[in-house]
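A.B. asks: A single structure is presented below for examination.
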Amino acid sequence: MNREGSFVDRLIEMVTVLVLGLATVGTAWCGYQASQWSGAQSTATSTSTDQRVEASRLFGVATQKVSYDSSMIAQYAQAVQAKNTQLVAFYRATLIREELLPVIDRWEAEIRAGGTPTRLVDDTSYMDDQLGPYQAATAKADASGKQALQAGETAHDYVINTILLAVALFFSGVLSSFRYRPARLLLVVAAIATVAVAAVNLADLPIA
Numbered sequence: 020m021n022r023e024g025s026f027v028d029r030l031i032e033m034v035t036v037l038v039l040g041l042a043t044v045g046t047a048w049c050g051y052q053a054s055q056w057s058g059a060q061s062t063a064t065s066t067s068t069d070q071r072v073e074a075s076r077l078f079g080v081a082t083q084k085v086s087y088d089s090s091m092i093a094q095y096a097q098a099v100q101a102k103n104t105q106l107v108a109f110y111r112a113t114l115i116r117e118e119l120l121p122v123i124d125r126w127e128a129e130i131r132a133g134g135t136p137t138r139l140v141d142d143t144s145y146m147d148d149q150l151g152p153y154q155a156a157t158a159k160a161d162a163s164g165k166q167a168l169q170a171g172e173t174a175h176d177y178v179i180n181t182i183l184l185a186v187a188l189f190f191s192g193v194l195s196s197f198r199y200r201p202a203r204l205l206l207v208v209a210a211i212a213t214v215a216v217a218a219v220n221l222a223d224l225p226i227a
């Protein structure tokens with residue numbers, strides 16, 4: 020009976036040492052990964068903020084272009100209506116942006132054909148050209164924001180795993196304080212179960 024008891028005690032000690040080793044290494048690894056993912060979150064958040072600032076700037080530039088083009092079109096139309104060919108040529112050569120000339124040419128062709136040109140702000144092709152850089156910058160900012168959110172969630176999951184492994188370390192650490200074998204077995208089982216849960220969680224987590 021004593022031999023059997025001694026064997027069980029030695030087995031408990033061996034398992035405890037193994038659990039302590041796994042939990043210690045796992046805790047260090049999870050702490051490192053949590054730190055890495057927190058850094059990735061900060062970087063992605065900063066990038067997203069910079070991209071949103073750039074998107075705001077590009078939106079301002081786009082609205083200024085649309086406002087300027089609208090003003091030029093109004094003045095150009097007046098010159099055309101007054102049949103002031105010199106002023107028309109001046110507008111086209113000097114004041115009107117090159118990107119707007121194809122739109123004006125298309126409008127003039129529609130008018131000659133008896134049609135009604137689409138309003139500038141309703142011209143999908145024109146507005147897409149003006150707002151394209153802003154929309155692209157906004158999409159990048161959204162993507163960076165999503166990356167920051169995912170990195171934050173991953174860092175949180177690693178922190179949770181660190182806590183689980185710390186619990187396993189606690190169970191293994193206090194085991195030597197107990198002489199009652201059932202209590203020691205219970206603590207070993209609890210430590211193993213905690214490490215197992217942490218291991219399952221780790222299997223699903225990305226590595227930075």
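Counting with our numbering, you get residues 20 to 227 for the letters of the sequence shown. Each residue gets a CB set at the ideal place from its N, CA and C atoms; glycine is no exception. Every value quoted in this text rests on a predicted model; they were computed, and no experiment measured them.
Am I right that A185 and T46 are in contact with their C-beta atoms under 8 Å? What's the rounded C-beta distance?
C.D. replies: For this step, residue 185 is matched to residue 166 along the sequence shown. For this step, residue 46 is matched to residue 27 along the sequence shown. Confirmed, about 6 Å.
A.B. asks: Restricting to Cα atoms, I'd like to know which of A81, T82, V107, V80 is closest to I92.
C.D. replies: The residue given as residue 92 occupies position 73 in the sequence shown. The shortest C-alpha separation from I92 is found at V107.
A.B. asks: Please say whether P152 and V80 have beta carbons closer to each other than 9 Å?
C.D. replies: The residue labelled residue 80 in the question sits at position 61 within the sequence shown. The residue labelled residue 152 in the question sits at position 133 within the sequence shown. Contact: yes.
A.B. asks: If you draw a straight line from the alpha carbon of M20 to that of L39, how long is it in whole angstroms?
C.D. replies: For this step, residue 20 is matched to residue 1 along the sequence shown. For this step, residue 39 is matched to residue 20 along the sequence shown. For M20, the pLDDT reaches just 47, beneath the cut-off of 50, and the residue's location in the model is therefore unreliable, although a value from the coordinates is still provided. Each residue's Cα considered, the two are about 28 Å apart.
A.B. asks: Do you know how far the Cα of M146 is from the Cα of S86?
C.D. replies: Residue numbering aside, residue 86 sits at position 67 when the sequence shown is read from its first letter. Residue numbering aside, residue 146 sits at position 127 when the sequence shown is read from its first letter. Going by the C-alpha atoms only, they are around 12 Å apart.
A.B. asks: Along the chain, where does the alpha helix (DSSP H) that runs through D124 open and close?
C.D. replies: Position 105 of the sequence shown, counted from the start, is the residue given in the question as residue 124. From DSSP, the alpha helix (DSSP H) with D124 extends over 120–131.
A.B. asks: Which same chain residues end up closer than 6 Å to T43 when comparing Cβ atoms and leaving out the 5 residues on each side of it in sequence?
C.D. replies: If you number the sequence shown from 1, residue 43 lands on position 24. Excluding sequence neighbours, T43 sits near nothing in its chain.
A.B. asks: How would you label Q97, buried or exposed, when you count the other beta carbons within 10 angstroms and need 16 or more for buried?
C.D. replies: What you label residue 97 is simply residue 78 of the sequence shown in a count that begins at 1. Looking at its Cβ environment, which holds fewer than 16 other Cβ atoms inside 10 Å, Q97 is exposed.
A.B. asks: Please report how far the alpha carbon of Q55 lies from the alpha carbon of E127, in whole angstroms.
C.D. replies: Along the sequence shown, read from residue 1 onward, the residue named residue 55 stands at position 36. Along the sequence shown, read from residue 1 onward, the residue named residue 127 stands at position 108. Straight-line Cα distance between these residues: approximately 60 Å.
A.B. asks: Which of the three DSSP states is assigned to T135 in this structure?
C.D. replies: Stepping through the sequence shown from its first residue, residue 135 is reached at position 116. Coil at T135, not helix or strand.
A.B. asks: Check whether the Cβ atoms of A174 and Q52 sit closer than 9 Å, and answer yes or no.
C.D. replies: Indexing the sequence shown from 1 puts residue 174 at position 155. Indexing the sequence shown from 1 puts residue 52 at position 33. Yes; because the gap between Cβ atoms is below 9 Å, this pair is in contact.
A.B. asks: Nearest CA to the CA of V214: which residue from I182, S65, T68, D88?
C.D. replies: Indexing the sequence shown from 1 puts residue 214 at position 195. When only C-alpha atoms are compared, the closest one is I182.
A.B. asks: Using only alpha-carbon positions, find the residue among L204, I179, Q149 that is nearest to F78.
C.D. replies: Your numbering for residue 78 matches position 59 in the sequence shown. Measuring from the Cα of F78, the nearest candidate turns out to be Q149.
A.B. asks: Can you give me the C-alpha to C-alpha distance between S25 and E32, rounded to a whole angstrom?
C.D. replies: The residue labelled residue 25 in the question sits at position 6 within the sequence shown. The residue labelled residue 32 in the question sits at position 13 within the sequence shown. Approximately 10 Å between the Cα atoms of the pair.
A.B. asks: For N103, which of helix, strand or coil comes out of DSSP?
C.D. replies: Position 84 of the sequence shown, counting from 1, holds the residue named residue 103. Collapsing the DSSP output to three states places N103 in coil.
A.B. asks: Report yes or no: do the segment 191–211 and the segment 109–126 share at least 3 C-beta pairs separated by less than 8 Å?
C.D. replies: no
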